[in-house]
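Here the structure is laid out as structure tokens; the discussion comes afterwards.
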């Protein structure tokens with residue numbers, strides 16, 4: 038399964054590169070347009086990634102940010118209170 042995931046990761050940039058090269062070779066776009074579009078796409082995708090995952094240099098960059106945040110809930114008085122997490126199930130439980 039690991040090799041299949043690696044191919045999926047490589048497939049998207051490879052497809053985008055092939056399309057960019059063929060558009061330039063067919064004289065449908067200037068190379069400057071393709072370069073700026075590629076940089077724009079990379080920048081937007083990186084910042085979109087950072088909305089849900091830690092930075093790529095983080096040792097656990099494959100885990101969503103929600104795993105690092107402390108689960109809380111708002112009680113009847115409008116105050117925030119911490120939820121305790123069941124370690125086996127990984128789900129929030131009522132206060133202990």
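Numbering (my numbering), first residue to last: 38 to 133.
Ideal Cβ placement from N, Cα and C applies to all residues, glycine included.
### Coarse secondary structure for residue 60, derived from DSSP in three states
Residue 60 falls in the helix class under three-state DSSP.
### Task
Could you tell me which of 85, 60, 109, 102 sits nearest to residue 91, measuring between CA atoms?
Of the candidates 85, 60, 109, 102, the one whose C-alpha sits nearest the C-alpha of residue 91 is 102.
### Task
Give the C-beta separation of residue 57 and residue 75 to the nearest angstrom, bearing in mind that I take them to be a contact with Cβ-Cβ under 8 Å.
The Cβ separation is near 6 Å, so the contact holds.
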